[in-house]
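Okay, so here's the structure we're looking at.
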Amino acid sequence: MEPVLLALKFLVPLAYLATAAIYAQLFFSPEESRFARKASLSLSVSLALHTLLLLGLGASLHRCPLGTIGEGLLFLAWILGIIHLLSEWLADTRRLGLFTLLPAALCVVLGVFLLRPDFALPPELHSSFLVFHIVASLASYACFSMAAILSSLYLILHGKLKHKNFDITFRKLPPLEKLDKLSANWSFLGSATMVAASVIGWIWVRKDGLAGMSWREMAIYLVLAVYLLAGIFRRLFGLRGKRFAIVVLVGFLVLVLTNLIGTHGFHR
Amino acid sequence: METREEQVPIHAFVLGANHLTASVALRDKLLFSEEELPEFCRALLQVPGMREAVVLSTCNRSEIYGISAQPSVSRPLIEKLWGAAKGVSEDEIRNHGYFHSQGDSVRHLFRVIGSLDSMVLGEMQIFGQIKEAYRLAVEQRCVDFYLNHLFQSGIRVGKRIRSETSIHEGAVSISYAAVELAKKVLGDLKGKTVGVVGAGEMGELAAQHLHKAGAARFVFFNRTLATAEKLAADFGGELCLLADLDKRLAHCDIVVSATGAPDIVITKAQVQEAARHRGGRPIFLIDIAAPRDIDPDAGKVSNAYLFTIDDLKNVVNENVALRKESSRQALAIIDEEASRMDVWFKGLEIVPTIRNLRDKYNVIVEKEIEKWAAGQSEETRRQLESLGRSLLNKFLHHPTTRLKLLGERGEGKRASYFAGMLFALAEEEGEDGQE
Numbered sequence: 001m002e003p004v005l006l007a008l009k010f011l012v013p014l015a016y017l018a019t020a021a022i023y024a025q026l027f028f029s030p031e032e033s034r035f036a037r038k039a040s041l042s043l044s045v046s047l048a049l050h051t052l053l054l055l056g057l058g059a060s061l062h063r064c065p066l067g068t069i070g071e072g073l074l075f076l077a078w079i080l081g082i083i084h085l086l087s088e089w090l091a092d093t094r095r096l097g098l099f100t101l102l103p104a105a106l107c108v109v110l111g112v113f114l115l116r117p118d119f120a121l122p123p124e125l126h127s128s129f130l131v132f133h134i135v136a137s138l139a140s141y142a143c144f145s146m147a148a149i150l151s152s153l154y155l156i157l158h159g160k161l162k163h164k165n166f167d168i169t170f171r172k173l174p175p176l177e178k179l180d181k182l183s184a185n186w187s188f189l190g191s192a193t194m195v196a197a198s199v200i201g202w203i204w205v206r207k208d209g210l211a212g213m214s215w216r217e218m219a220i221y222l223v224l225a226v227y228l229l230a231g232i233f234r235r236l237f238g239l240r241g242k243r244f245a246i247v248v249l250v251g252f253l254v255l256v257l258t259n260l261i262g263t264h265g266f267h268r
Numbered sequence: 269m270e271t272r273e274e275q276v277p278i279h280a281f282v283l284g285a286n287h288l289t290a291s292v293a294l295r296d297k298l299l300f301s302e303e304e305l306p307e308f309c310r311a312l313l314q315v316p317g318m319r320e321a322v323v324l325s326t327c328n329r330s331e332i333y334g335i336s337a338q339p340s341v342s343r344p345l346i347e348k349l350w351g352a353a354k355g356v357s358e359d360e361i362r363n364h365g366y367f368h369s370q371g372d373s374v375r376h377l378f379r380v381i382g383s384l385d386s387m388v389l390g391e392m393q394i395f396g397q398i399k400e401a402y403r404l405a406v407e408q409r410c411v412d413f414y415l416n417h418l419f420q421s422g423i424r425v426g427k428r429i430r431s432e433t434s435i436h437e438g439a440v441s442i443s444y445a446a447v448e449l450a451k452k453v454l455g456d457l458k459g460k461t462v463g464v465v466g467a468g469e470m471g472e473l474a475a476q477h478l479h480k481a482g483a484a485r486f487v488f489f490n491r492t493l494a495t496a497e498k499l500a501a502d503f504g505g506e507l508c509l510l511a512d513l514d515k516r517l518a519h520c521d522i523v524v525s526a527t528g529a530p531d532i533v534i535t536k537a538q539v540q541e542a543a544r545h546r547g548g549r550p551i552f553l554i555d556i557a558a559p560r561d562i563d564p565d566a567g568k569v570s571n572a573y574l575f576t577i578d579d580l581k582n583v584v585n586e587n588v589a590l591r592k593e594s595s596r597q598a599l600a601i602i603d604e605e606a607s608r609m610d611v612w613f614k615g616l617e618i619v620p621t622i623r624n625l626r627d628k629y630n631v632i633v634e635k636e637i638e639k640w641a642a643g644q645s646e647e648t649r650r651q652l653e654s655l656g657r658s659l660l661n662k663f664l665h666h667p668t669t670r671l672k673l674l675g676e677r678g679e680g681k682r683a684s685y686f687a688g689m690l691f692a693l694a695e696e697e698g699e700d701g702q703e
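Protein chains in written order, with the numbering used here: chain E, 1 to 268; chain R, 269 to 703.
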């Protein structure tokens, strides 16, 4: 088992980096169709290897591999990969693979680097509620990441249109309206999964009699507040386009900061 | 129509005139209508030496693709036939047309179908027109083995160029560039509202393209309603006075302004007010008037995207440059496929020899079966026939594949000569049975 796991730890980052490189060629090359099949195939192989790595880690650790930052990053990258694949099928966003899969590749590289096979989960954390809580949280992170990527692309295209810069990036990006709608959809989905994660977490804490969240840890709700307000303002007051994109990016920045400064999650 | 069984050398050729060689007046004269094409196609096969023919006739080119045993003989006769059918002298066709044979004709077809020879580089209408010309020739039984292979290869080349290059991408006319930019901002134009300011030709043209792209509602603004009435009727649109622009601008997703007014017609304040009422939805403005109709500062309004005729020209120039770049990739595909066709044509030189070889040994086998099956049961005869066929195929397998290979390498004539010597292919059939 160990040699297979070791091989996968090398193979998965390489596969993701190769996939990101193929998607980069697909985006910047005028012969897009030459890379389309290769890109899909490469992504499928990467996801298959990634799934095997997660299963292998679970088998080797005798628990769900969601206990450390490394494991969390690996799972986040896996969800990003799945989300991109779904988005390719449902919203024809293959061209945007570079922008989703490059962050996913970085998460995988960092995740593998930060894996701690000797880490033993404290007994109070051996709960299936915790697993669902983390899965839902990471799913919301992935959705917010997608929204942030799409909003960044919106701002890039907006800038190109305003400055009449009709280069290859301009040509390859989807229409503004599509980027705006997709970003809004992912923000909504992210908010919904984050609410679900909070509810599951609350039930878990109540059921196992654990200490509730500290005020510092509650900073994560700032993220939820930003996205929920963005959604409400969009619905009621027409917050769209550039302004909506900026709010989404602010929300994502808060999400990154709350995790970086260790107010919530794996840093406890 | 002669068939491929006849063992005389064949030559592919194309005879035609296009936008690069002939004037519009001559091209118009040489053009065949849909009704005329079948008859002319059949008439071509009556020309001595002609075996197969496909006639392609579009506003930019009229071409005859043919297979002939003697193209040098067929050419003047075809020119005469074509000239007589269209009231044009043969000299005019010869002086303002072109004639390519064998590999050059193949490359020509591939260039045409890949739209490298078109007036607008990368336009894809020609692909459908060639397919239609081929279909019509097949229907008239004017196509057999050779042109069938040539046109199937041509269609494959067209498909490859379409899918593997960007030669057809990007608008190359001002009106389409406007539609393309509108799509870049608004996505699908279905159901979008277009406001056309001014009732001139430019505005009408832009409205036509936007209508084709799916825009559903049109509002025509003009100083006098009477001038714009016809436009509104043509597009099923609404008619408004220019004075009402303030009230209606917010309802328009796309605004095309093309008046002859000397001053600004749409101000920044009007756009700002419209954007405020649109609940964050973008508004796309095209100013194709000279002097400008829309205040240049209107482009600074958030969610308002303003483009002028110069911007549209820049888009077109960039797209033309991109198409030119892609044409290099298309040429590489053409070279690859044309080389494949060269090999195929070379391989055909050996086909009569292979056929002779098989025929000769088939006769020997049949005679031997006749001799040995005489007086035997039907079952034994069947077994002998089966044995004969099997042995024939096994014995001739290697000579056949080697001959084909030599043919594809361009050594068909030499291989034919040696095969003839080796297998006594030129000798009388009667002798074979005596061996």
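Every residue, glycine too, gets a C-beta built ideally from N, C-alpha and C.
Since this is a predicted model, take the numbers as computed values, not measurements.
- What residue 31 of chain E touches in chain R, judged by beta-carbon distance under 9 Å, is 432, 433, 434, 594 and 597, going in chain order.
- Look at residue 571 of chain R: its C-beta is under 7 Å from a C-beta on chain E.
- Residue state for residue 119 of chain E is assigned as coil, using DSSP reduced to three classes.
- Distance between residue 380 of chain R and residue 386 of chain R, taken at the CA atoms: about 7 Å.
- Sequence-distant partners of residue 52 of chain E (beyond 5 residues in either direction) whose C-beta falls short of 7 Å from its own C-beta, in its chain, are 8.
- Shown in chain order are the members of the stretch 546–558 of chain R whose Cβ falls below 7 Å from a Cβ of chain E: 547, 548, 549 and 550.
- Taking the Cα of residue 329 of chain R as reference, the smallest distance to any Cα among R:282, R:316 and R:312 is reached at R:282.
- Residue 286 of chain R is bridged by DSSP to R:329.
- Beta-bridge partners assigned by DSSP to residue 618 of chain R: none are found.
- Minimum Cα-Cα distance from residue 238 of chain E among the listed residues R:366, R:403, R:550 and R:614 corresponds to R:550.
- The way I'd put it, the stretch 175–188 of chain E does touch the stretch 222–236 of chain E; three or more beta-carbon pairs between them come closer than 8 Å.
- In this structure, the straight-line span from the alpha carbon of residue 411 of chain R to that of residue 430 of chain R is close to 25 Å.
- Residue 508 of chain R: member of the beta strand (DSSP E) spanning 506–509, first to last residue.
- Collapsing the DSSP output to three states places residue 279 of chain R in a strand.
- Look at residue 481 of chain R here: in three-state DSSP terms it is coil, with no helix or strand label.
- By the C-beta density criterion, residue 600 of chain R is exposed, having fewer than 16 other C-beta atoms within 10 angstroms.
- Per DSSP, reduced to three states, the secondary structure at residue 32 of chain E is helical.
- Less than 7 Å divides the Cβ of residue 579 of chain R from the Cβ of residue 164 of chain E.
- No Cβ of chain R is located within less than 7 Å of the beta carbon of residue 90 of chain E.
- The Cβ-Cβ distance between residue 76 of chain E and residue 5 of chain E does not fall below 7 Å.
- With respect to chain R, the C-beta atom of residue 161 of chain E has a partner C-beta closer than 7 Å.
- Listed along the chain, the chain R residues whose CB falls inside 8 Å of the CB of residue 238 of chain E are 546, 547, 548 and 549.
- For residue 221 of chain E, no pairing in a beta bridge is given by DSSP.
- Nearest C-alpha to residue 614 of chain R among R:602, R:370, R:593 and R:569: R:370.
- At a cut-off of 7 Å between beta carbons, residue 452 of chain R contacts chain E.
- Note: residue 442 of chain R is not bridge-paired with any residue in the DSSP secondary-structure output.
- With the criterion set as a beta carbon lying under 9 Å from some beta carbon of chain R, the members of the stretch 226–259 of chain E are 234, 237, 238, 239, 240, 241, 242, 243 and 244, in sequence order.
- In the DSSP assignment, residue 465 of chain R falls within the beta strand (DSSP E) that extends over 461–465.
- Taking every protein chain shown into account, the CB of residue 587 of chain R has 16 or more other CB atoms within 10 angstroms, so this residue is buried.
- Counting only the Cα atoms, residue 140 of chain E lies some 22 Å from residue 48 of chain E.
- Not one beta carbon of chain E lies nearer than 7 Å to the beta carbon of residue 633 of chain R.
- The three-state secondary structure of residue 422 of chain R, taken from DSSP, is helix.
- In terms of Cβ geometry, residue 408 of chain R and residue 310 of chain R form a close pair [threshold 7 Å].
- In the structure shown, residue 556 of chain R falls within a coil segment according to DSSP collapsed to helix, strand and coil.
- By the Cβ neighbour-count rule, residue 119 of chain E is exposed, with fewer than 16 other Cβ atoms within 10 Å of its own.
- For the C-beta of residue 586 of chain R, the chain E residues within less than 7 Å are, from N- to C-terminus, 166.
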